[in-house]
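Report on one structure; see the data block that follows.
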Ligand SMILES: [Zn+2]
């Protein structure tokens, strides 16, 4: 269920499960340590990088402040409201404080991850059509043909 709903994508960095060397795991959005339930509203698919960097954390401090900001919630938030894909096709840019703390703690733009994404981009595997729809949101229309071929 979790994998199908996520269209086999990491719901955070949008890499396809089959394209990431370490695969994906089921993430508790609110970790069990903090009382999060194992039900579908609290579960998301996450690649190993995102999931391991997140750990059992729920939030981080907004830059230069002592204000706690929660992470992106794959169940209630729209990806395209909090992040965008840079024109280089590999860097994930934050649009909100929620996006910022998520991208930083999850390590979205760490060197090895940019390298992995760049390799996939050259192979036509990043973003996939499903990832493209999340990047562009519901108003994005149909993915362009060169992306539609990438399933
Ligand atoms: Zn990820």
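Numbering (the working numbering), first residue to last: 419 to 569.
The beta-carbon is built from N, C-alpha and C at its ideal position, and this holds for glycine as well.
Small disclaimer: the values here were computed from a predicted structure and weren't measured.
Per DSSP, which residues does residue 442 bridge with? Please list them. 465
Quick check: what's the CA-CA separation for residue 435 versus residue 427? 6 Å
Any contact of the segment 477-487 with the segment 513-523, i.e. 3+ C-beta pairs under 8 Å? yes
Using 7 Å as the cut-off, classify the Cβ of residue 467 as near or not near the heavy atoms of ligand 1, replying yes or no. yes
Take residue 531 as the anchor and find which of 419, 423, 437 and 425 has the nearest alpha-carbon. 437
Cβ neighbours of residue 419 in the same chain (closer than 7 Å, five flanking residues each side left out): 458
Per DSSP, which residues does residue 511 bridge with? Please list them. 502
Note down the Cα distance separating residue 476 from residue 449, rounded to an integer number of angstroms. 8 Å
Write down the C-beta distance between residue 525 and residue 467 rounded to the nearest angstrom, noting that I regard them as a contact closer than 8 Å. 6 Å
Please list, in chain order, all residues of the same chain as residue 496 whose beta carbon is under 7 Å from its beta carbon, the five residues on each side excluded. 555
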